[in-house]
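**Student:** One line per chain: the protein sequences are A and B, in this order.
Every number in the working numbering is 1 more than the matching position in the first sequence, counting from 1.
Every number in the working numbering is 1 more than the matching position in the second sequence, counting from 1.
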Amino acid sequence: MKLPGAVERFFEQMGRFVEIVGRVFAWTPRPPYDWRELFRQMVKVGVNSMPVVLLTAMFTGMVLALQTFSVLSRFNAESFVGSLVALSMVRELSAVLSGLIVAGRAGSAMGAELGTMRVTEQIDALEVMATDPVHYLVVPRVWASTLMLPLLVALGNGVGIFGGYLVAVVLMGSNPVSYINRTFQFMTSYDLFSGLIKAAAFGFLLAVIGCQQGFHTTGGAEGVGRSTTSAVVVASIAILISDFFLTRLLF
Amino acid sequence: MTEPSRKPDTVKIRIRDLRKAFGPKVVLDGVNVDVAPAESLVVIGGSGTGKSVLLKHIIGLLRPDSGTVEVDGTAVEKLGNREITEFRRKFGMAFQEGALFDSMTIWQNVAFPLQRLTKMSHGEINDRVEECLEMVRLEGVSDKLPSQLSGGMRRRVGFARAVAHQPEILLFDEPTTGLDPITTALIDEVILDLSDRLKTTSITITHDMESAFRIGDRIAMLNRGKIIAEAPPEEFKRLDDPRVQQFIHGRAEGPLSEDAPARGPRDSRDETAGSKVGESGIPNRP
Numbered sequence: 002m003k004l005p006g007a008v009e010r011f012f013e014q015m016g017r018f019v020e021i022v023g024r025v026f027a028w029t030p031r032p033p034y035d036w037r038e039l040f041r042q043m044v045k046v047g048v049n050s051m052p053v054v055l056l057t058a059m060f061t062g063m064v065l066a067l068q069t070f071s072v073l074s075r076f077n078a079e080s081f082v083g084s085l086v087a088l089s090m091v092r093e094l095s096a097v098l099s100g101l102i103v104a105g106r107a108g109s110a111m112g113a114e115l116g117t118m119r120v121t122e123q124i125d126a127l128e129v130m131a132t133d134p135v136h137y138l139v140v141p142r143v144w145a146s147t148l149m150l151p152l153l154v155a156l157g158n159g160v161g162i163f164g165g166y167l168v169a170v171v172l173m174g175s176n177p178v179s180y181i182n183r184t185f186q187f188m189t190s191y192d193l194f195s196g197l198i199k200a201a202a203f204g205f206l207l208a209v210i211g212c213q214q215g216f217h218t219t220g221g222a223e224g225v226g227r228s229t230t231s232a233v234v235v236a237s238i239a240i241l242i243s244d245f246f247l248t249r250l251l252f
Numbered sequence: 002m003t004e005p006s007r008k009p010d011t012v013k014i015r016i017r018d019l020r021k022a023f024g025p026k027v028v029l030d031g032v033n034v035d036v037a038p039a040e041s042l043v044v045i046g047g048s049g050t051g052k053s054v055l056l057k058h059i060i061g062l063l064r065p066d067s068g069t070v071e072v073d074g075t076a077v078e079k080l081g082n083r084e085i086t087e088f089r090r091k092f093g094m095a096f097q098e099g100a101l102f103d104s105m106t107i108w109q110n111v112a113f114p115l116q117r118l119t120k121m122s123h124g125e126i127n128d129r130v131e132e133c134l135e136m137v138r139l140e141g142v143s144d145k146l147p148s149q150l151s152g153g154m155r156r157r158v159g160f161a162r163a164v165a166h167q168p169e170i171l172l173f174d175e176p177t178t179g180l181d182p183i184t185t186a187l188i189d190e191v192i193l194d195l196s197d198r199l200k201t202t203s204i205t206i207t208h209d210m211e212s213a214f215r216i217g218d219r220i221a222m223l224n225r226g227k228i229i230a231e232a233p234p235e236e237f238k239r240l241d242d243p244r245v246q247q248f249i250h251g252r253a254e255g256p257l258s259e260d261a262p263a264r265g266p267r268d269s270r271d272e273t274a275g276s277k278v279g280e281s282g283i284p285n286r287p
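(1) Under 8 Å: do the stretch 145-156 of chain A and the stretch 46-55 of chain A share three or more Cβ pairs, one atom per stretch?
(2) Sorted by chain position, which residues of the same chain lie with C-beta nearer than 8 Å to Met121/B's C-beta, five sequence neighbours on each side aside?
(3) Anything in chain A within Cβ reach of Ala161/B, meaning under 7 Å, just list it in chain order.
(4) Using three-state DSSP, classify Ile228/B as helix, strand or coil.
(5) Run through chain A and tell me which residues come within less than 9 Å of Thr86/B, C-beta to C-beta.
(6) Could you have a look at Gly211/A and say whether DSSP puts it in helix, strand or coil?
(7) I'd like the span of the beta strand (DSSP E) that includes Leu171/B, first residue to last.
(8) With distances taken between CB atoms, is the gap from Ile188/B to Thr177/B smaller than 7 Å?
(9) Can we say the stretch 127-135 of chain A touches the stretch 92-109 of chain A, given the rule of at least three CB pairs closer than 8 Å?
(10) Mapping the DSSP letters down to three states, classify Thr205/B as helix, strand or coil.
(11) For Lys21/B, is the classification buried or exposed, using 16 other Cβ atoms within 10 angstroms of its Cβ as the cut-off for buried?
(12) Can you pull the chain A residues whose beta carbon is under 9 Å from the beta carbon of Glu98/B, in chain order?
(13) Since Thr218/A sits in a beta bridge, which residues does DSSP pair it with?
(14) Taking any Cβ of chain B, which residues in the stretch 10-39 of chain A have a Cβ under 7 Å from it, in chain order?
(15) Taking Gln97/B as the reference, which of Asp125/A, Ala7/A and Arg24/A has the closest Cα?
(16) Leaving out five residues on either side along the sequence, give the residues of the same chain with a beta carbon under 6 Å from the beta carbon of Ser237/A.
(17) Determine the direct distance from the alpha carbon of Gly108/A to that of Leu207/A, and round the result to whole angstroms.
(18) Closer than 8 Å, Cβ to Cβ, to anything on chain A: give me those residues from the stretch 107-141 of chain B, in chain order.
(19) Give a yes or no on whether the C-beta atoms belonging to Val82/A and Asp192/A are separated by under 7 Å.
(20) If I measure Cβ to Cβ from Ile1/A and keep anything under 8 Å in the same chain, skipping five residues before and after, which residues do I get?
(21) In whole angstroms, what is the alpha-carbon distance linking Gly153/B and Gly46/B?
(22) Under 7 Å, Cβ to Cβ, is there at least one residue of chain A near Leu63/B?
(23) Run down chain A in chain order and give the residues with a C-beta less than 8 Å from the C-beta of Arg198/B.
(24) Going by the CB atoms, is the gap between Lys91/B and Ile204/B shorter than 7 Å?
(25) Is the stretch 132-143 of chain B in contact with the stretch 245-256 of chain B, if contact means three or more CB pairs nearer than 8 Å?
(26) Going along the chain, which residues of its own chain have a beta-carbon closer than 6 Å to the beta-carbon of Thr29/A, five neighbours each way excluded?
(27) Nearest chain A C-beta to Met94/B closer than 7 Å, yes or no?
(28) Between Tyr137/A and Val12/B, what straight-line distance do the alpha-carbon atoms span, to the nearest angstrom?
(29) Kindly list, in the order they appear in chain A, the residues whose Cβ is closer than 8 Å to that of Arg157/B.
(30) Pick helix, strand or coil for Ala232/A, following the three-state DSSP scheme.
(31) I think Gly116/A touches Gly204/A, with their Cβ atoms under 8 Å apart; what is that distance to the nearest whole Å?
(32) Have a look at Leu62/B and Ser190/A and give me their C-alpha separation to the nearest angstrom.
(33) Roughly how many angstroms lie between the CA atoms of Lys52/B and Gln149/B, to the nearest whole one?
(34) Specify the secondary structure class of Ile220/B as computed by DSSP and reduced to three states.
(35) Give me the residue from Ser84/A, Phe252/A and Asp244/A with the minimum Cα distance to Leu98/A.
(36) According to the Cβ coordinates, are Gly157/A and Ser84/A closer than 7 Å?
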């Protein structure tokens with residue numbers, strides 16, 4: 002009895018997701034272009050999330066260096082710590098962790114903001130004033146997030162690698178020059194590129210899902226709370242699952 | 002105002018057999034009503050009788066399960082996404098709680114429809130915004146955010162925003178609920194003036210009988226998803242339908258109170274359920 006309900010909800014969510022993605026693409030090329038709003042959202046998603054994303058990247062790089070040092074030293078391969086930290090950060094961790102953090106920070110805010118607008122009839126008011134709410138609200142949020150996440154991840158890459166360097170060189174006594182050599186020795190521009198593509202995909206996903214959850218809010222303040230929670234939960238799950246398929250695709 | 006502005010053959014808004022249910026809950030159960038050009042129709046009815054839902058169908062925010070809403074001969078439910086955006090230019094709507102955009106200042110809120118729907122210059126917009134705010138006696142709040150105003154003030158800003166671009170049709174969802182009597186009279190005057198001077202067609206939802214009699218060219222009462230009575234104010238007062246009388250005089254006891262708790266998903270769907278009190282009191286539609 003419980004399964005059909007869950008299955009139905011899953012397909013309902015999928016349908017809404019596809020619908021809103023379709024509307025985002027349909028409305029994006031149409032004027033008026035709201036550059037101010039795009040910029041405002043870029044600040045909200047990108048600049049305001051920067052401290053926490055960079056902090057995460059820093060400590061992830063540091064932990065990664067500690068862990069790989071411990072593992073690699075068991076077969077005398079400590080010199081490869083630099084390569085491992087850099088590749089893990091650039092190809093994978095920076096993008097996924099930033100995606101999850103921005104989903105929790107900006108995606109939830111989108112869910113809450115649009116959810117509040119829905120229950121207080123502000124979205125209806127937009128429609129009444131001949132303004133498509135997807136065009137006005139969702140389009141700038143989605144593209145701001147899609148653009149800003151790769152930038153955050155690029156910065157996160159640098160900071161993460163620096164964190165690894167600190168631990169390996171200062172704490173573990175690695176040779177700084179060879180550590181830096183190792184960092185870049187095996188890295189190709191494709192590694193960097195695949196990480197940034199992932200970041201853009203996660204940015205797109207988390208914004209669409211956050212907006213969609215907010216958009217379909219019902220039931221007052223409680224409903225806004227539910228939307229906010231599911232904006233984070235659904236976006237996080239979507240990021241983790243799509244990460245596998247993207248990795249497979251960009252292998 | 003006193004002259005009947007209705008002519009039988011000109012219809013601005015025509016609603017036929019409109020039905021809408023949310024899940025098992027039937028909200029509109031065959032609504033029929035016409036509104037003539039420049040007429041002011043007031044819709045009354047208890048809470049939760051689907052008055053707001055009716056308004057949202059007229060402007061295409063909700064799609065009917067069956068039945069039709071025609072505005073100037075255009076069937077609203079048949080319009081596509083892009084056409085409906087064009088279509089809505091003729092409307093102004095004031096929402097129950099104002100529905101102001103809380104990220105914008107009061108000025109930006111009232112200017113929004115002007116920027117979106119007209120080709121006015123910045124100066125003209127500024128003048129019009131000031132004019133509209135003055136009209137609802139709100140001066141000097143332009144730079145405030147909605148959260149800094151009281152509920153009544155927000156509602157008045159919502160009203161100013163609805164009338165700003167001088168639409169042909171105005172929809173008011175309880176414009177005066179919770180306002181003091183003086184402001185209520187003021188809003189009523191503005192509504193009257195608009196329909197008088199600009200020949201604006203308006204539909205107003207209200208609980209306030211005094212204001213209903215003041216602004217309505219015609220009053221319709223919605224109960225259990227149907228229009229149960231419809232007449233010009235003076236005539237409406239004299240209708241002998243006990244439901245109408247109970248509502249006008251605000252009595253706790255009466256046929257309306259008996260109706261309310263009996264509403265289940267199953268009963269009351271059939272046509273006979275509503276006839277406990279007899280259909281005799283319902284005047285024929287013109």
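We put the beta carbon where it would ideally sit given N, CA and C, even for glycine.
Since the structure is predicted, the reported quantities are computational estimates derived from the model, not experimental observations.
**Tutor:** Judging by the given coordinates:
(1) yes
(2) Taking the first residue of the second sequence as position 1, residue 121/B is located at position 120. Same-chain partners within the cutoff: Leu115 and Arg129.
(3) The residue given as residue 161/B occupies position 160 in the second sequence. Those do not exist, as Ala161/B stays about 13 Å from chain A at its closest Cβ, beyond 7 Å.
(4) Position 227 of the second sequence, counted from the first residue, corresponds to residue 228/B. It is a strand residue.
(5) Locating residue 86/B in the second sequence gives position 85, counting from the first residue. Chain A residues near Thr86/B: Glu128, Ala131, Thr132 and Asp133.
(6) In the first sequence, the residue the question calls residue 211/A occupies position 210. Three-state result, Gly211/A: helix.
(7) As a first step, residue 171/B must be located in the second sequence, where it is residue number 170. Counting along the chain, the beta strand (DSSP E) containing Leu171/B begins and ends at Ile170 to Asp174.
(8) Position 187 of the second sequence holds residue 188/B. Position 176 of the second sequence holds residue 177/B. Yes, these two residues count as a Cβ contact at 7 Å.
(9) no
(10) In the second sequence, residue 205/B corresponds to position 204, counting from 1. Here Thr205/B sits in strand by DSSP.
(11) Numbered from its first residue, the second sequence carries residue 21/B at position 20. Answer is buried; the Cβ neighbour count reaches 16.
(12) Working through the second sequence from its first residue, we reach residue 98/B at position 97. Residues of chain A whose Cβ lies closer than 9 Å to the Cβ of Glu98/B are, in chain order, Thr121 and Glu122.
(13) Along the first sequence, one-based indexing puts residue 218/A at 217. Bridge partners of Thr218/A: none, in fact.
(14) Hits within the stretch: zero.
(15) To locate residue 97/B, count along the second sequence from 1; it is residue 96. Nearest option by C-alpha distance: Asp125/A.
(16) In the first sequence, counting from the first residue as 1, residue 237/A sits at position 236. Once the five neighbours on either side are set aside, the close Cβ partners of Ser237/A are Leu101 and Ala104.
(17) Taking the first residue of the first sequence as position 1, residue 207/A is located at position 206. Taking the first residue of the first sequence as position 1, residue 108/A is located at position 107. Each residue's alpha carbon lies about 6 Å from the other.
(18) Phe113, Pro114, Arg117 and Leu118
(19) Mapped onto the first sequence, residue 82/A falls at position 81. Mapped onto the first sequence, residue 192/A falls at position 191. Not in contact: Val82/A and Asp192/A (Cβ atoms no closer than 7 Å).
(20) Outside the shown range of chain A (2 to 252) lies residue 1/A, about which nothing can therefore be said.
(21) By one-based count along the second sequence, residue 153/B stands at place 152. By one-based count along the second sequence, residue 46/B stands at place 45. One C-alpha to the other measures close to 22 Å.
(22) To locate residue 63/B, count along the second sequence from 1; it is residue 62. So, not an interface residue.
(23) Translated into positions along the second sequence, residue 198/B becomes position 197. Going along chain A, no residue has its Cβ under 8 Å from Arg198/B, so there is no contact; the nearest lies around 23 Å.
(24) On the second sequence, position 203 is the one that residue 204/B refers to. On the second sequence, position 90 is the one that residue 91/B refers to. Against a cut-off of 7 Å, the Cβ pair of Lys91/B and Ile204/B comes out as no contact.
(25) no
(26) The count along the first sequence starts at 1 and reaches residue 29/A at position 28. Correct list, in chain order: Val140.
(27) Mapped onto the second sequence, residue 94/B falls at position 93. Interface residue, yes.
(28) Counting from one through the first sequence, the residue named residue 137/A turns up at place 136. Counting from one through the second sequence, the residue named residue 12/B turns up at place 11. For Tyr137/A and Val12/B, the distance between alpha carbons rounds to 34 Å.
(29) The sequence position of residue 157/B within the second sequence is 156, counting from 1. In chain order: nothing, as chain A lies at least about 15 Å away.
(30) Stepping through the first sequence from its first residue, residue 232/A is reached at position 231. Note: Ala232/A maps to helix in three-state DSSP.
(31) The residue given as residue 116/A occupies position 115 in the first sequence. The residue given as residue 204/A occupies position 203 in the first sequence. Not quite, the Cβ-Cβ distance comes to about 20 Å (not below 8 Å), so this is no contact.
(32) In the second sequence, residue 62/B corresponds to position 61, counting from 1. In the first sequence, residue 190/A corresponds to position 189, counting from 1. Roughly 50 Å separates the two Cα atoms.
(33) The residue labelled residue 52/B in the question sits at position 51 within the second sequence. The residue labelled residue 149/B in the question sits at position 148 within the second sequence. When rounded, the distance between both Cα atoms is 29 Å.
(34) The residue labelled residue 220/B in the question sits at position 219 within the second sequence. Strand, per DSSP.
(35) Locating residue 98/A in the first sequence gives position 97, where the first residue counts as 1. Nearest C-alpha to Leu98/A: Asp244/A.
(36) Mapped onto the first sequence, residue 157/A falls at position 156. Mapped onto the first sequence, residue 84/A falls at position 83. No. Outside cutoff.
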